[in-house]
Amino acid sequence: MADNGIPLDGRPELRGGRVLVLCFDGTSDLFDRGTNAVQLMSFLKTDDYTRQMVYYQSGVGTYLRPNMLMPIVRSVLKLLDDAFAWFVEPQVMGGYRFLMQNWLPGDRIMLFGFSRGAYTARALAGMLEKARHVGLLPRGNNEQVPYAYKMYKRIDAQGWTESESFKKTMSNPVCVDFVGVWDTVSSVGFMMNEYLPFTASNYHIRVFRHAVALDEHRSMYRPNMWHYTVPPFEAPPPATLATGKEPGSLPKPTDVQEVWFAGCHGDVGGGNPPDKNGALMARIPLMWMFREAILTKTGILWDERALHEAGFELPIPAPEETEPGRNDISSLDAHYERDVSASIHDKLKMMKLLWILEILPLKYRRQEKNGNWRTYFGPHLGRPRHIPDPPPPTNVHVSVAKRMSEDRYKPRAKWQGEPNWVA
Numbered sequence: 001m002a003d004n005g006i007p008l009d010g011r012p013e014l015r016g017g018r019v020l021v022l023c024f025d026g027t028s029d030l031f032d033r034g035t036n037a038v039q040l041m042s043f044l045k046t047d048d049y050t051r052q053m054v055y056y057q058s059g060v061g062t063y064l065r066p067n068m069l070m071p072i073v074r075s076v077l078k079l080l081d082d083a084f085a086w087f088v089e090p091q092v093m094g095g096y097r098f099l100m101q102n103w104l105p106g107d108r109i110m111l112f113g114f115s116r117g118a119y120t121a122r123a124l125a126g127m128l129e130k131a132r133h134v135g136l137l138p139r140g141n142n143e144q145v146p147y148a149y150k151m152y153k154r155i156d157a158q159g160w161t162e163s164e165s166f167k168k169t170m171s172n173p174v175c176v177d178f179v180g181v182w183d184t185v186s187s188v189g190f191m192m193n194e195y196l197p198f199t200a201s202n203y204h205i206r207v208f209r210h211a212v213a214l215d216e217h218r219s220m221y222r223p224n225m226w227h228y229t230v231p232p233f234e235a236p237p238p239a240t241l242a243t244g245k246e247p248g249s250l251p252k253p254t255d256v257q258e259v260w261f262a263g264c265h266g267d268v269g270g271g272n273p274p275d276k277n278g279a280l281m282a283r284i285p286l287m288w289m290f291r292e293a294i295l296t297k298t299g300i301l302w303d304e305r306a307l308h309e310a311g312f313e314l315p316i317p318a319p320e321e322t323e324p325g326r327n328d329i330s331s332l333d334a335h336y337e338r339d340v341s342a343s344i345h346d347k348l349k350m351m352k353l354l355w356i357l358e359i360l361p362l363k364y365r366r367q368e369k370n371g372n373w374r375t376y377f378g379p380h381l382g383r384p385r386h387i388p389d390p391p392p393p394t395n396v397h398v399s400v401a402k403r404m405s406e407d408r409y410k411p412r413a414k415w416q417g418e419p420n421w422v423a
C-alpha cells in the first residue's frame with residue numbers, strides 16, 4: 001500500500017483469486033508506438049503469476065510472420081481492415097483462448113483496449129456473457145473456440161437457445177470485473193452491416209470506463225459509445241454463482257462512465273510523438289484510467305517503481321480525502337500542466353490523402369434519443385463527432401476546461417447544456 005492512500009494491491013477480501021489483465025492495442029499498432037494500452041501494461045506487476053497474469057495483443061501484427069515487407073504489409077492490411085474488419089475474429093478468439101487456458105474459479109478479469117483493440121475488449125466481454133450464453137470453455141478445448149465465437153455472433157432466438165445449451169454443457173460462467181477503453185472504434189467496416197452483441201450493453205461487467213476524443217472527425221473512426229437500451233434478446237440474465245448473487249435475482253447494472261477528452265484519436269489513446277518540450281496529451285486519459293482502476297477496487301497489482309519513473313506521483317488520494325472541485329489527475333501527474341497544452345494531431349490536416357474516405361458514401365448506425373437505432377448512408381466530409389444529447393449530462397474531463405480557458409481551445413464536437421466536469 002502507498003502510505004496514506006489507496007492500496008495498490010486492491011481489495012483484501014479478494015486476495016484468494018488472481019487478477020487476469022488483458023490489453024488490446026489498435027489495428028497494426030506496434031509495441032514501440034507507446035499507446036496507452038502499452039503504457040498501462042508497463043505499470044503492471046508481471047513477476048508473480050500466482051497473483052496476476054498479463055496478456056498483450058498488438059492487433060493485426062499478431063497474425064503476421066515477420067519479413068522484409070512487414071511495414072508495407074501492415075499499412076495495406078490496416079487499410080483493408082478499416083474497410084472490411086477482417087481481423088476482429090482472431091483478435092477476440094486470441095484473448096478468449098488466453099482466458100480459457102488460465103482462468104480459475106475466483107479469478108477476476110480486467111480488459112483494456114485502444115481503438116479497434118477497445119472494440120475487441122468489449123466484444124470479448126460479450127462473448128464471455130452471451131449464452132448466459134457462451135461463457136468460458138474449460139482449458140484445452142481449442143477446437144471448440146471457433147464454434148463458440150460463431151454462436152456468440154448470432155443474435156436471433158435460435159442462436160440464444162443453442163448457445164444457452166452449449167454453455168450448460170461445456171462452459172464456465174464468468175463475469176468481467178473491469179473494462180477500461182480509450183476511444184472505441186467500431187470494427188464493422190464500410191462494406192459490412194454487422195455488429196457484435198453485448199459490446200454496448202452488458203450486465204455482467206462490474207465497471208466500464210471509456211475515454212473518448214472530442215476532436216477526432218475521420219469517417220473510419222466514429223466512436224462506439226455505451227448504449228443503455230437493450231435489444232430484445234439481450235435482457236439481463238438472472239444472477240448465478242459467477243455474479244455472487246442469489247439465483248433468480250438480477251445482477252447489479254454496470255457502473256458506467258464515459259468521459260470526453262481534448263484531442264484526436266491518438267491524442268486520447270496514445271501513439272503520437274510528444275512535443276519538443278515533452279508534452280503528451282495522451283497521458284491525461286491514461287492517468288484518468290489508471291486512477292479509476294484503483295478507485296473502483298479492481299485489485300490490479302501495480303509496479304510502483306514503474307509508476308514513479310513515468311512521473312506518477314504516489315500515493316493515490318482516497319475519494320474521502322479529495323477536496324470538492326479538486327483536479328485529482330493534476331495531483332498524480334508531475335507533467336500535467338505541460339500536457340494540458342500539448343499539440344493536437346489531426347490526421348485529416350496532416351494527411352490530405354485521407355480525405356478520399358471522407359468523400360466516399362459510407363453506411364453507419366447511430367442511436368437516437370428515443371433509444372432506437374437509425375442507419376445513415378452518405379459521405380462523411382470530416383464532420384465532427386456526435387455527442388449524445390442529455391440526459392444524463394455529458395461527462396467532460398476538467399482538463400478540457402483548463403485548455404479552453406488558457407489556449408482559446410474550442411472542441412470540435414459540441415455538447416448540449418452544462419456538462420458534468422469530471423476530474
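All letters in the sequence shown, in the order written, are residues 1 to 423 by the UniProt record's numbering. Quick reminder that beta carbons are idealized off the backbone N, C-alpha and C, glycines included.
With distances taken between CA atoms, residue 45 lies nearest to 305 out of 348, 305, 141. When the Cα atoms are used, residue 178 and residue 397 turn out to be separated by approximately 20 Å. Beta-bridge partners of residue 378 (DSSP): 362. Sequence-distant Cβ neighbours of residue 120 in its own chain, meaning closer than 8 Å and more than five residues away, are 24, 57, 88, 91, 92, 95, 113, 187. Secondary-structure assignment with DSSP links residue 93 through no beta bridge to anything.
Using a Cβ distance threshold of 8 Å, residue 126 and residue 26 do not count as a contacting pair. Per DSSP, residue 291 is one residue of the alpha helix (DSSP H) stretching across 283-295. In this structure, residue 270 lies away from residue 295, with their beta-carbon atoms at least 8 Å apart. Residue 147: member of the alpha helix (DSSP H) spanning 145-153, first to last residue. Of the candidates 303, 255, 343, 356, the residue whose Cα lies closest to the Cα of residue 39 is 303.
The shortest C-alpha to C-alpha distance from residue 220 to any of 368, 367, 357 is the one to 357. Counting along the chain, the unbroken beta strand (DSSP E) around residue 206 starts and ends at 205-213. Of the residues assessed, residue 173 falls on the buried side of the cut-off, its CB having 16 or more other CB atoms within 10 angstroms. Within the same chain, and ignoring the five residues on either side of residue 359 in sequence, the residues whose Cβ sits closer than 8 Å to its Cβ are 379, 381.
Sixteen is the threshold: since fewer than 16 other Cβ atoms of the shown chains lie within 10 Å of the Cβ of residue 278, the residue is exposed.
Residue burial annotation: residue 149 is buried, with at least 16 other C-beta atoms found within 10 angstroms of its C-beta.
In the DSSP annotation of this structure, residue 182 is not part of any alpha helix (DSSP H); the continuous beta strand (DSSP E) holding it starts and ends at 176-182. The continuous beta strand (DSSP E) containing residue 55 extends over residues 52-57. Taken through DSSP and simplified to helix, strand or coil, residue 35 comes out as strand. In the DSSP assignment, residue 103 falls outside any beta strand (DSSP E) and carries neither an H nor an E. Residue 216 carries a coil assignment under DSSP once its states are collapsed to helix, strand and coil.
Bridge partners of residue 112 according to DSSP: 23, 180. Assignment of residue 224 by DSSP, reduced to helix, strand and coil, places it in the coil class.
Exposure of residue 308 is indicated by the presence of fewer than 16 other C-beta atoms within 10 angstroms of its C-beta. Under the DSSP assignment, residue 258 falls in the beta strand (DSSP E) whose first and last residues are 255-261. When DSSP states are grouped into helix, strand and coil, residue 265 belongs to the helix group.
In chain order, 214, 215, 217, 384 place their CB closer than 7 Å to the CB of residue 412, counting only its own chain and leaving out the 5 sequence neighbours on each side.
The three-state secondary structure of residue 270, taken from DSSP, is strand. A distance below 8 Å separates the beta carbons of residue 300 and residue 293.
For the pair residue 338 and residue 298, the Cα-to-Cα distance works out to about 30 Å. Restricting attention to 110, 98, 101, the CA atom closest to the CA of residue 19 is found in 110.
Annotated three-state conformation of residue 416 is coil, per DSSP. Note on geometry: alpha-carbon atoms of residue 159 and residue 151 lie some 6 Å from one another. Excluding sequence positions up to five before and after residue 171, its CB lies within less than 7 Å of the CB of 134, 135, 136, 137, all in the same chain and listed in chain order. One thing to note: residue 388 has its Cβ no nearer than 8 Å to the Cβ of residue 419. Excluding the 5 residues flanking it on each side, residue 263 has same chain C-beta neighbours closer than 6 Å at 213, 215, 281, 344, in chain order.
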